[in-house]
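**Q**
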Amino acid sequence: MSLHQPHDLESVYFTTPKPDRAYVTAELATIIDFIRYGASRFSAAGLTFGHSHDNPIDEATHLVLASLHLPPDIPPAYGAGKLTTEERVRVLSLIERRINERLPVAYLVGETWFAGMKFKSDRRALVPRSPIAELIEAGFTPWLDGRQVERALDLCTGSGCIGIAMAAYNPHWQVDVVDISDDALSLARENVAFQHVGERVEVVRSDLFAGLKGRKYDLIVSNPPYVTEDEYAALPGEYSHEPKLGLTSGEDGLDACLRILDEAADYLSEDGLLIVEVGESEQALTALLPEVPFVWIEFKVGPMGVFALEQRELIEYADAIRTVAAERFRG
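For the sequence shown, my numbering assigns the number 30 to the initial residue and increments by one for each residue that follows.
1) Mapping DSSP to helix, strand and coil, what is Phe148?
2) Determine the closest residue to Leu343 out of Arg351, Ala294, Leu173, Met333, with distance taken between C-alpha atoms.
3) Ends of the beta strand (DSSP E) at Ile209?
4) Please list the terminal residues of the continuous alpha helix (DSSP H) segment that includes Ile165.
5) Please report the straight-line C-alpha distance between Leu123 and Leu137, rounded to a whole angstrom.
6) Are there 16 or more other CB atoms within 10 angstroms of the CB of Gly75, so buried, or fewer, so exposed?
7) Taking the alpha carbon of Val307 as the point to measure from, which residue in Gly301, Tyr296, Leu290 has its own alpha carbon closest?
8) Which of the three DSSP states is assigned to Arg245 in this structure?
9) When the Cα atoms are used, what is the spatial distance from Glu130 to Phe71?
10) Quick check: what's the CA-CA separation for Lys147 versus Thr141?
11) Mind checking which residues open and close the beta strand (DSSP E) that includes Asp300?
12) Classify His98 as buried or exposed, calling it buried when 16 or more other Cβ atoms lie within 10 Å of its own Cβ.
13) Alpha carbons only, please: which of Val232, Val330, Glu339, Ala313 is nearest the one belonging to Val324?
14) Spatial neighbours of Leu378 within its chain, please: C-beta separation below 6 Å, excluding the five flanking residues on both sides.
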């Protein structure tokens with residue numbers, strides 16, 4: 030069928046089963062057409078962009094290219110490529126679902142990108158979006174300069190993206206990826222297989238460190254839940270599709286972080302390093318533990334609520350950390 034036969038095209042669309050009422054016209058023909066159309070529709074609908082993208086153009090680009098099974102770095106010349114009728118129907122249907130259901134694009138197309146790598150993504154775990162990707166791509170410079178890393182841990186791994194990316198960028202590392210959620214771990218296993226790192230990445234079910242007795246790591250990286258209950262209640266609809274277990278952590282968002290701080294020293298080597306993301310809970314954490322010398326990491330876009338601590342610092346300030354944690358969890 031010619032793409033220049035609008036009446037036939039509409040006939041195909043309106044007799045095809047679909048989850049929405051997107052209208053197909055011959056005016057939309059090329060990849061660029063659909064990216065522009067999607068971006069315009071997303072802007073007009075007032076969507077929230079917080080899952081890997083921060084603007085409607087990047088969001089629409091992700092949706093269109095992924096739905097066409099194309100990589101995000103295709104040459105610009107391909108933007109003039111025309112879509113088939115079936116492709117038009119599929120892309121427009123996804124655009125309408127993104128608007129009507131407020132589903133993150135990663136869940137709609139089943140994939141997203143993190144640290145330059147493609148990962149499977151669905152409702153079993155949060156959509157990968159941590160600034161820790163920048164650290165991985167930069168080799169954790171300067172934080173790991175001069176350190177020997179053999180074993181690393183990705184605690185609260187979710188989809189497995191952080192630990193898998195660490196293994197991919199550092200072929201000599203052995204990495205454990207850990208979570209308490211069976212759903213998240215099933216997705217992490219799929220991503221381990223997808224990225225062919227199964228020989229160096231072990232998927233472990235554990236409530237933080239509870240199932241890791243006897244293991245030692247040179248580097249522990251964690252992006253635990255850190256959203257407060259009030260923040261969660263105010264989140265846009267896009268976040269309601271993600272597992273709450275991966276988002277919230279007590280009234281101030283720091284329940285998981287305090288447990289990590291209280292226990293991490295026992296699982297780090299003498300020269301070991303702990304890196305944890307707490308996002309907007311940074312101020313609450315420094316207020317709780319003003320004596321602890323958190324080093325807040327600067328990213329290209331500025332501070333992002335990610336701190337680094339040495340194993341020796343965790344030991345030195347263990348009493349202060351334990352006092353706060355005990356008060357938090359007593360009873």
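Backbone N, C-alpha and C define an ideal beta-carbon position, used for all residues, glycine too. Small disclaimer: the values here were computed from a predicted structure and weren't measured.
**A** In short, the structure shows the following:
1) strand
2) Ala294
3) Taken as a continuous stretch (DSSP letters only), Ile209 belongs to no beta strand (DSSP E), as it is neither H nor E.
4) Note, Ile165: alpha helix (DSSP H), 161 to 166.
5) For Leu123 and Leu137, the distance between alpha carbons rounds to 7 Å.
6) exposed
7) Leu290
8) Reading off the sequence, residue 245 comes out as Lys, not Arg. Three-state DSSP puts Lys245 in coil, outside helix and strand.
9) 12 Å
10) 6 Å
11) First-last of the beta strand (DSSP E) with Asp300: 297 to 306.
12) exposed
13) Glu339
14) Outside the shown range of the chain (30 to 360) lies residue 378, about which nothing can therefore be said.
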